[in-house]
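Here the structure comes first, spelled out in structure tokens, and everything after it is commentary.
Protein chains: 2
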Amino acid sequence: MRLFLSFLLMIGTSGHVFSQSSDESSIRQIYNEELARGKSYQMLEYLTTHIGARLSGSPGAAAAVEWGRHELDNFADSVFLQPVMVPHWVRGQKEVGRVINSKKRGVVEMNVCALGMSVGTGPAGVTGSIVEVKSFDELKQLGEKNVKGKIVFFNRPMDPTKFNTFEAYGGAVEQRALGPSEAAKYGAVGVIVRSMGLNQEDYPHTGGLRYTPNIAKLPAIAISTKHADLLSKILKDEKDIQFYFETHCETLPDAPSFNVVAELVGSEFPNEIIVVGGHLDSWDLAQGAHDDGAGCVQSMEVLRLFKMIGYKPKRTIRVVLFMNEENGLRGGLEYARQAELKKEKHIAALESDDGGFTPRGFTMTASEAVRSKIKGWKPLLEPYGLYDFSHEGGGADIGPLQAQGVPIIGFLPDSQRYFDYHHTQEDTIDKVSKRELELGAASMASLIYLIDKYGL
Amino acid sequence: MRLFLSFLLMIGTSGHVFSQSSDESSIRQIYNEELARGKSYQMLEYLTTHIGARLSGSPGAAAAVEWGRHELDNFADSVFLQPVMVPHWVRGQKEVGRVINSKKRGVVEMNVCALGMSVGTGPAGVTGSIVEVKSFDELKQLGEKNVKGKIVFFNRPMDPTKFNTFEAYGGAVEQRALGPSEAAKYGAVGVIVRSMGLNQEDYPHTGGLRYTPNIAKLPAIAISTKHADLLSKILKDEKDIQFYFETHCETLPDAPSFNVVAELVGSEFPNEIIVVGGHLDSWDLAQGAHDDGAGCVQSMEVLRLFKMIGYKPKRTIRVVLFMNEENGLRGGLEYARQAELKKEKHIAALESDDGGFTPRGFTMTASEAVRSKIKGWKPLLEPYGLYDFSHEGGGADIGPLQAQGVPIIGFLPDSQRYFDYHHTQEDTIDKVSKRELELGAASMASLIYLIDKYGL
């Protein structure tokens, strides 16, 4: 009996060791391939420097679609373009913003930019005195009598004490997204929003606003964090300050565009689909290197890595470069709609849209069983710095798949530098570390490998 | 009995909860203070831009000592300078390195720099044909008949597949440190070493060499990774290539310098000392922002944070800004010598010298009991991204304390970007993320707080 038990234990142990060590070695191969001969950085370099900004409806976005299709053709079984109509907002000529009558300082030029989807002021601009507030509550308390005819300046900073900067963003971004409509309720004529950044910076951060239906659409700008502080100081120093700003943005009719979709067809379960993706569109002020060129090339790299190491997936691995995450989410919505129409079976969706920074782990929105299964792979992934599997999350573009019961997974990179660049002119390729980007691609490929091999 | 047991359990539980939650809240306070009002970045900005390079014996090093003393005076109980004689190597005028007779390319200028502590060629330079090798074994096999009178080119790259870049460095750096003396054994006249970097770069990495006693001292240069590849390609293309290089470095007599030492005196156990430090000297090519200005300001910040949150340590917290880590370790050796002479009781030493990048954990060289105790604090530290306590380590400057049985701890930041800048002109303040630096300072302060409170 004792001998027999030992024998059973031996089988159990060696079986476990074998599988563990085969996975260990496949994952090692993925990382080796990417770190020694990865193409993610080279692809990102092309996308960011040869194509650059690619807001939905722009020529850059169209070029990016063609680029994505062409690149994926090199290592996918098939590539197709999924049509989707997208919002088409254009910034127009460079914005101006200035204090026009400071007694101490004269005219003070400020670094500003229109918020995405904002209406423009046109050449007449907007002039008004400023009401600075830190919250919607404060605005409400001031009420129409203090706000009417004025420009509301939302100046609540992101909270620097949050360890995860996305939490700090989450605590401030309503000012940008909803502030213009909130201000309109009390008769304001325009809105200035403190940029969503943690540092003292010279450049403004753009990003989308959402007008509430049936409320006046106010023109709205972001102001750099340095100038937000300066403006606040001027307002404390002097009464009767007048501010002028001029924006030339407008929303054109919806434009045709595409999600780029590429597949490696599964050898055993071709109808079981695992999605990995990022969004191809970016704001217009920069190259969209971290947001979200990084996520696109990392997702593309998953397919290429499988090819390179000779891994033939059991299930269908589908790369999706989503269009229009930044100002509409039309790509993500259309992808989910088509999946439902075609009754496709998605077993998981993974998105990378938190930047190409050094990996920390994965976030998940899924059943407890799925979460446990993924957490069970931690020993295989922790040697590569992936230790954090504890948070809920996913990605905007794959979010709509959730309604179909698809487990949603987010790649979780380190968040510390993300908001130094987010939605600004500074989101350029030189801010991306080649190795950090590559580790992200290899992390994603490793997780997809495990999901493909063991299911979810 | 049952009631009594429940009561005991309640005490136990609530006692545990209290202590855990008090530590949680102290650590939260440390992070809040640093992330909202930290001075580490401001200090580093001054050190790197107003003082800049500070190789041992240089005016920059002397200025840095004065700066350190002055800054620490703001928040330490006492500051003193610990005298130490240091090597005094100077680079002299800019180096040149070139292929002088390529048939296809003519004269090809290369980006090179003298290795630290190298003898110079003087104005006559060194000319010779090149023997490229990847290892000391290969050199040995070639032997004197193939090497004599020639320039040896060590061109083994760092292994990009290592997750921790310090491992990749460890696998290649013998070429720089020992290569010149190895080459001299076979009658070489000069040495070129591939820069210790993982990227394709235009700039060379300096760093120290160590001549073996009683072997000829060959002049030695580092070549940028791009030019190492180019040189290797030229050597494959063409026979009879001649290389010329010229360096003007020299070693002057040892110079007087100092470790900067500052204390908060312990309230209960003033004779128990906890050291936290980095090294104040840097290579001469850049500002030494990550190496190791970051470690210095993070260590200084530990004291300032304790002051700011009103924490009075039980034990004496001693900040040491060590002199001469880069080319001699005289500061670290002298500090340990004095500690032994004075029979000081050091209960732990923590060094930050792996860059001001986002924190990952701590490395340790200590008894199993000490390691377990520190690992036991992981639940308090993991919310701040500190999860890795598994590796052996410490720091060069605190290494000599090990002989006295002192537990040695290294701050472990993410390693991915370190060798993009290490020992190069690129190690500048703009490569440091303010938040990443601050998180490092807060991580170190939190660990020191726990060591101080509970002992080791």
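Taken in sequence, the protein lines are chains A and B.
Quick note on numbering: the numbering used here labels position 343 of the first sequence as 343, and the sequence is numbered without any gaps.
Quick note on numbering: the numbering used here labels position 46 of the second sequence as 46, and the sequence is numbered without any gaps.
Beta carbons are placed, not taken as given, at the ideal position from N, Cα and C, and that holds for glycine.
Anything in chain A within Cβ reach of residue i, meaning under 7 Å, just list it in chain order.
i                 : result
ASN32 of chain B  : THR161
ASN199 of chain B : LYS434
Would you verify that the beta carbon of residue i is, or is not, closer than 8 Å to some beta carbon of chain B?
i                 : result
GLN416 of chain A : yes
THR358 of chain A : yes
Residues of chain B with a CB under 9 Å from the CB of residue i: which are they?
i                 : result
GLU436 of chain A : ASP414, GLN416, ARG417
LEU439 of chain A : PHE163, GLN416
Which residues in chain A sit within 9 Å of residue i, going by Cβ to Cβ distance?
i                : result
ALA36 of chain B : ASP159, PRO160, THR161
Looking at the C-beta of residue i, does it have a partner C-beta in chain A at a distance below 8 Å?
i                 : result
SER433 of chain B : yes
GLY383 of chain B : Note that residue 383 of chain B is Pro in the sequence shown, not Gly. At least one chain A Cβ lies under 8 Å of PRO383 of chain B.
Distance check for residue j and residue i, CA to CA, integer angstroms please.
i                 : j                 : result
GLY15 of chain A  : THR316 of chain A : Residue placement at GLY15 of chain A is flagged as unreliable, the pLDDT there being 39, under the threshold of 50; the coordinate-derived value follows with that caveat. If I take the Cα positions, the gap works out to 27 Å.
PHE411 of chain B : THR165 of chain A : 22 Å
ASP452 of chain B : VAL275 of chain B : 11 Å
ALA142 of chain A : ALA188 of chain A : The identity of residue 142 of chain A in the sequence shown is Leu, whereas the question assumes Ala. Roughly 12 Å between the two C-alpha positions.
TYR387 of chain B : ALA76 of chain B  : 30 Å
GLY170 of chain B : PRO160 of chain A : 36 Å
GLY116 of chain B : TRP89 of chain B  : 7 Å
LYS431 of chain B : ARG54 of chain B  : 18 Å
VAL79 of chain B  : PHE269 of chain B : 19 Å
ALA442 of chain A : LYS375 of chain A : 18 Å
TYR449 of chain B : GLY197 of chain B : 36 Å
ASP73 of chain B  : MET300 of chain B : 10 Å
GLU368 of chain B : ILE409 of chain B : 13 Å
THR49 of chain A  : ILE429 of chain A : 8 Å
LYS140 of chain B : SER446 of chain B : 50 Å
VAL370 of chain B : ASN111 of chain A : 53 Å
ARG337 of chain B : THR424 of chain A : 53 Å
ASN271 of chain A : LEU333 of chain A : 21 Å
ARG28 of chain B  : SER22 of chain B  : 10 Å
ILE30 of chain A  : ASN199 of chain B : 20 Å
VAL320 of chain B : CYS113 of chain B : 31 Å
GLY122 of chain A : GLU246 of chain A : 6 Å
ASN146 of chain A : TRP283 of chain A : 34 Å
Which chain B residues are close to residue i, counting only those with a beta carbon under 8 Å from its beta carbon?
i                 : result
TYR387 of chain A : TYR387, ASP388
Beta strand (DSSP E) containing residue i: first to last residue?
i                 : result
ASN214 of chain B : Careful: ASN214 of chain B lies outside any beta strand (DSSP E) and carries neither H nor E.
TYR418 of chain A : Looking at the DSSP string, TYR418 of chain A is not in any beta strand (DSSP E); the run it does join, the alpha helix (DSSP H), is 418 to 421.
VAL152 of chain A : 151 to 154
GLN82 of chain A  : 78 to 90
GLY361 of chain B : 359 to 365
LYS345 of chain A : 345 to 351
SER129 of chain A : 126 to 133
PHE322 of chain A : 315 to 322
GLU301 of chain A : From DSSP, GLU301 of chain A is part of no beta strand (DSSP E) but of the alpha helix (DSSP H) over 294 to 309.
GLY410 of chain A : 408 to 413
From which residue to which residue does the alpha helix (DSSP H) around residue i run?
i                 : result
PRO204 of chain B : Neither: PRO204 of chain B is in no alpha helix (DSSP H) and is coded neither H nor E.
PRO379 of chain B : 378 to 381
HIS248 of chain B : Premise fails: HIS248 of chain B is in no alpha helix (DSSP H) and is neither H nor E.
ARG105 of chain B : Looking at the DSSP string, ARG105 of chain B is not in any alpha helix (DSSP H), and its letter there is neither H nor E.
PHE75 of chain B  : Unbroken run through PHE75 of chain B: none, as it is neither H nor E.
Using a Cβ-Cβ distance cut-off of 8 Å, determine whether residue i contacts chain E.
i                 : result
ARG330 of chain A : Protein chains A and B are contained in the structure displayed, whereas chain E is not.
**Report entry** Validate contact between the region 299 to 313 of chain B and the region 218 to 238 of chain B using beta carbons, cut 8 Å, 3 pairs
**Finding:** no
Requested in this report: Spell out a yes or no on whether the region 152 to 160 of chain A and the region 188 to 195 of chain A are touching, meaning 3 or more CB-CB pairs, one atom from each, closer than 8 Å.
Outcome: yes
Query raised in the report: For the region 407 to 424 of chain B against the region 283 to 295 of chain B, are there 3 or more C-beta pairs whose distance is under 8 Å?
Result: yes
Requested in this report: Inspect the CB distances between the region 249 to 258 of chain B and the region 383 to 392 of chain B and report whether three or more fall short of 8 Å.
Outcome: no
Query raised in the report: Counting pairs of Cβ atoms below 8 Å between the region 255 to 275 of chain B and the region 62 to 71 of chain B, do you hit three or more?
Result: yes
Query raised in the report: So, do the region 32 to 46 of chain A and the region 211 to 231 of chain A have three or more beta carbon pairs nearer to each other than 8 Å?
Result: no
Query raised in the report: Any contact of the region 395 to 408 of chain B with the region 318 to 326 of chain B, i.e. 3+ C-beta pairs under 8 Å?
Result: yes
**Report entry** Segment contact, 8 Å Cβ cut-off, at least three pairs: the region 421 to 438 of chain A with the region 336 to 352 of chain A
**Finding:** no
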